[in-house]
Amino acid sequence: MNKYRSLAQNIALFAINSIATKLISFLLVPLYTYYLSEGEYGITDMSLTVITLMVPLATLSVSDAVLRFVIDDRANADKYITSGFAIVLLSYLIIAFCLPILDLGIFGGLGDYKLWFWLAYASNALLTYQSNVSRALDQVRIIPFAAGLSSLATLGGAFLFIAKFGMGIEGYFISVIFGGLVGSAVYELMGKHRKHLVKVPFQAIRVNLGAMMAYAIPLTPNTLFWWVNNSVSRFFVTGFLGIAANGLYAAASKIPNLLNTVFQIFQQAWQISAYQEFGKKGSKGFFTTVFSVLQLVMFSCAALLSMLSPVLADLLLQNSFYTAWNLIPILLIAFFFSTIFSFYGTVYTASMDTGKLFVTTLVGAIATIIGCWLLVPSLGLLGAGVADVLSNFLVMLTRVWGANHVVSIEVSWLSFYACVALLFVQAALAVLGVNHYMMLSAICVVAVVIIQTFQARNVIRDLFRFVVNRRKRNVM
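Numbering (our numbering), first residue to last: 2 to 477.
Structure below.
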């Protein structure tokens, strides 16, 4: 049970981190939607979308390689960390040369803020790298402090530069850059990452990078197509409907991001445990048990958020942004499928078979492009949401099929798809604007919880027995 205890402890730490940071993020949503126009908010979302792509692309996903290799070979951690940091610095030059591309119309005016974009990228790339270094060095207790203070700095900067000084988009960039720098400073002060940056001969760096890149390079196109799969709809929305429509779509996505927040709490801890336990005796049972619990939590959260979407939208989406609330349930389904295929993606990275991971993501990227091209002109924002659902579902299917050849995870697919059907019922009720939406949606929530609790009954029973027995031992 030690592996479950370790996973639970890490989840608890990442939960503290995520709750604090996401609470602050959601405080920012009404601020942004109140002080920024739809077009301005669309540009800030576009910058975040592009940076999300460029960090792993320009760094060749070296942060993921550092995490994987340091866990396996702690004795040479300094060499891996130094080699990875060199790639991060090189990425700054790469992004600087690529800045003129932002003048293209598909970026919706982001080219007017090139310097601010570059600085935001630099702070984000460094913060992402340091976070993975802390995870690799088992410094997970630092992450909540770094992420929390970074988010607080971003919030403070947003109130100061957007709300008080009225600096609009520039104020947004200043607050984001400041937040990233504060987080990086915390990692350095508490984790002392600088001591792991050593003088490594060029030959040694080349050897280290050779092994790391063999692992990471397939993750780079995978990241590109993952980004296409999850973000290209924004470009179709901007191209066909305008940057203001992208602002509405981005605002509607904030609430489904709550589901992604719950998953990321789990995923950060799970990734470490999966790497440590992969290939060991009992790993099949470990993966099956963890997935059973994940399925219960994700389905329940998706159904509950879908039911509460009009209430949450009323609280978080100000002015005309509220009109996009009925998109939220369909976007929740897309986010749900992405959490499932991300879990199965860990099987590929744990087994270091990252090439197949890329193939599965390519399938989803192609489906997203075709779906958006066909559906956005006719269905508008709803078409983009449907395209995201279809592409994420295809990625999930291909990853489940491929991963089961590596680790055979036992899943009750009947209960799985029954709950998927209930999520679609909620989405249909919202899109059609049916009266008494929340009451009808609540029935779906109850059904989902009952079905998922029943399918996870053995796991829940074993967990209950473990907790009871542990308390008895502590009393004795």
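For glycine and all other residues, C-beta sits at the position ideal for the given N, C-alpha and C.
Everything numeric in this text was worked out from a predicted model, so none of it was measured.
What whole-angstrom Cβ distance do H197 and Y188 have, given they're in contact under 8 Å? Within the sequence shown, numbered from 1, the residue matching residue 197 stands at position 196. Within the sequence shown, numbered from 1, the residue matching residue 188 stands at position 187. Between Y188 and H197 the Cβ distance is about 11 Å, and since that is not below 8 Å, they are no contact.
I need the DSSP call for P330, collapsed to helix, strand or coil. Stepping through the sequence shown from its first residue, residue 330 is reached at position 329. Here P330 sits in helix by DSSP.
Should the region 77 to 86 be called in touch with the region 122 to 140, which here means at least 3 C-beta pairs below 8 Å? yes
For V312, the first and last residue of its enclosing alpha helix (DSSP H): Within the sequence shown, numbered from 1, the residue matching residue 312 stands at position 311. Segment S284 to L317, the alpha helix (DSSP H) holding V312.
Taking A148 as the reference, give the member of I96, N125 and I244 with the closest Cα. In the sequence shown, residue 148 corresponds to position 147, counting from 1. Checking every option, the nearest Cα to that of A148 belongs to N125.
Backbone secondary structure at N125 - three-state DSSP: Here residue 125 is taken as the residue at index 124 of the sequence shown, counted from 1. Reduced to three states, the DSSP call for N125 is helix.
Are the beta-carbon atoms of K357 and Y345 separated by less than 8 Å? In the sequence shown, the residue the question calls residue 357 occupies position 356. In the sequence shown, the residue the question calls residue 345 occupies position 344. No.
Would you please state the rounded distance, in angstroms, between the beta carbons of C171 and W117? I believe it to be under 8 Å. Within the sequence shown, the letter at position 170 stands for residue 171. Within the sequence shown, the letter at position 116 stands for residue 117. Checking the displayed sequence, the identity of residue 171 turns out to be Glu instead of Cys. Confirmed, Cβ separation roughly 6 Å.
Extent of the continuous alpha helix (DSSP H) run through S254: Here residue 254 corresponds to residue number 253 of the sequence shown, with the count starting at 1. Looking at the DSSP string, the run of the alpha helix (DSSP H) that includes S254 is I244 to K255.
Segment contact, 8 Å Cβ cut-off, at least three pairs: the region 383 to 393 with the region 326 to 334: yes
With DSSP as the reference, label F279 as helix, strand or coil. Here residue 279 corresponds to residue number 278 of the sequence shown, with the count starting at 1. Note: F279 maps to coil in three-state DSSP.
Among V298, A121 and N405, which has the Cα closest to the Cα of L49? Within the sequence shown, numbered from 1, the residue matching residue 49 stands at position 48. Taking only the C-alpha atoms, the option nearest L49 is A121.
State whether the region 448 to 462 contacts the region 416 to 428, with contact taken as three or more CB pairs (one from each stretch) at a distance under 8 Å. yes
With C-beta atoms as the reference, is S151 less than 8 Å away from G180? Within the sequence shown, the letter at position 150 stands for residue 151. Within the sequence shown, the letter at position 179 stands for residue 180. Yes, these two residues count as a Cβ contact at 8 Å.
Quick test of the definition: if touching needs 3 or more C-beta pairs under 8 Å, does the region 359 to 373 touch the region 304 to 311? no
Can you check whether the CB of Y216 is closer than 8 Å to the CB of A66? Numbered from 1 along the sequence shown, position 65 holds the residue referred to as residue 66. Numbered from 1 along the sequence shown, position 215 holds the residue referred to as residue 216. Their beta carbons are under 8 Å apart, which means A66 touches Y216 by this criterion.
Are the Cβ atoms of G512 and A245 separated by less than 8 Å? A question about residue 512 goes unanswered here, because the residues of the chain that appear run from 2 up to 477.
With DSSP run on the structure shown, which of helix, strand or coil describes R462? Along the sequence shown, one-based indexing puts residue 462 at 461. It is helical.
Flag this pair as touching only if the region 53 to 73 and the region 101 to 110 have three or more C-beta atom pairs under 8 Å; answer yes or no. no
Using 8 Å for Cβ pairs, my map puts T355 next to T399. What's the rounded Cβ distance? Position 354 of the sequence shown holds residue 355. Position 398 of the sequence shown holds residue 399. Actually they are not in contact, since the Cβ atoms of T355 and T399 sit about 15 Å apart, beyond 8 Å.
In chain order, what residues of the same chain lie with their CB nearer than 7 Å to the CB of V446, ignoring the 5 residues before and after it? Numbered from 1 along the sequence shown, position 445 holds the residue referred to as residue 446. Excluding sequence neighbours, V446 sits near A304, L305 and M308.
Below 7 Å CB to CB, which residues in the same chain sit around K255 once its five sequence neighbours on both sides are set aside? Here the question's residue 255 lines up with position 254 in the sequence shown. Excluding residues within five positions, the ones whose Cβ falls inside 7 Å are V30 and L317.
CB-CB length for A253 against A325, believed under 8 Å: On the sequence shown, position 252 is the one that residue 253 refers to. On the sequence shown, position 324 is the one that residue 325 refers to. The Cβ separation is near 4 Å, so the contact holds.
Rounded separation between Q272 and T347 - CA only: In the sequence shown, counting from the first residue as 1, residue 272 sits at position 271. In the sequence shown, counting from the first residue as 1, residue 347 sits at position 346. About 7 Å.
Given this structure, state the Cα-to-Cα distance separating L268 from L297, to the nearest angstrom. Residue 268 sits at position 267 when you count from the first residue of the sequence shown. Residue 297 sits at position 296 when you count from the first residue of the sequence shown. Residue identity differs from the one stated: residue 268 is Gln in this sequence, not Leu. Rounded to whole angstroms, Q268 to L297 spans 15 Å at the Cα level.
Take F237 and list the residues in its own chain whose beta-carbon comes closer than 6 Å to its own, dropping the five residues that flank it on each side. Residue numbering aside, residue 237 sits at position 236 when the sequence shown is read from its first letter. Excluding sequence neighbours, F237 sits near C373 and V377.
Would you call N261 buried or exposed, if buried means 16 or more other Cβ atoms sit within 10 Å of its Cβ? Within the sequence shown, numbered from 1, the residue matching residue 261 stands at position 260. N261 is buried by the Cβ-count criterion.
What first and last residue would you give for the alpha helix (DSSP H) that runs through D1? Because the chain here runs from 2 to 477, residue 1 falls outside it and cannot be looked at.
Pick out whichever of V460, V435 and F417 has its Cα sitting closest to the Cα of A448. Sequence index remark: in the sequence shown, residue 448 carries index 447 (1-based). Looking at the Cα atoms, F417 is the closest of the given residues.
Is it true that the CB of L94 sits closer than 8 Å to the CB of M47? Here residue 47 refers to the residue found at position 46 when the sequence shown is read from its first residue. Here residue 94 refers to the residue found at position 93 when the sequence shown is read from its first residue. No, Cβ-Cβ distance for M47 and L94 is not below 8 Å.
What's the C-alpha gap between F359 and G167? On the sequence shown, position 358 is the one that residue 359 refers to. On the sequence shown, position 166 is the one that residue 167 refers to. Distance between the alpha carbons of F359 and G167: 43 Å.
Flag this pair as yes or no: are the beta carbons of M299 and F264 separated by less than 8 Å? Reading the sequence shown from its first residue, position 298 is the one you call residue 299. Reading the sequence shown from its first residue, position 263 is the one you call residue 264. Yes; because the gap between Cβ atoms is below 8 Å, this pair is in contact.
To the nearest angstrom, how far is it from the Cα of I461 to the Cα of F394? In the sequence shown, counting from the first residue as 1, residue 461 sits at position 460. In the sequence shown, counting from the first residue as 1, residue 394 sits at position 393. Looking at the two C-alpha atoms, the distance is approximately 28 Å.
Cβ separation of Y81 and M214, assumed to be a contact under 8 Å, to the nearest whole Å: Residue 81 sits at position 80 when you count from the first residue of the sequence shown. Residue 214 sits at position 213 when you count from the first residue of the sequence shown. That belief does not hold up - the Cβ atoms of Y81 and M214 are roughly 12 Å apart, past 8 Å.
Leaving out five residues before and five after S413 in sequence, what residues of the same chain have Cβ atoms less than 8 Å from its Cβ? As a working mapping, residue 413 is identified with position 412 in the sequence shown. Same-chain partners within the cutoff: Q456.
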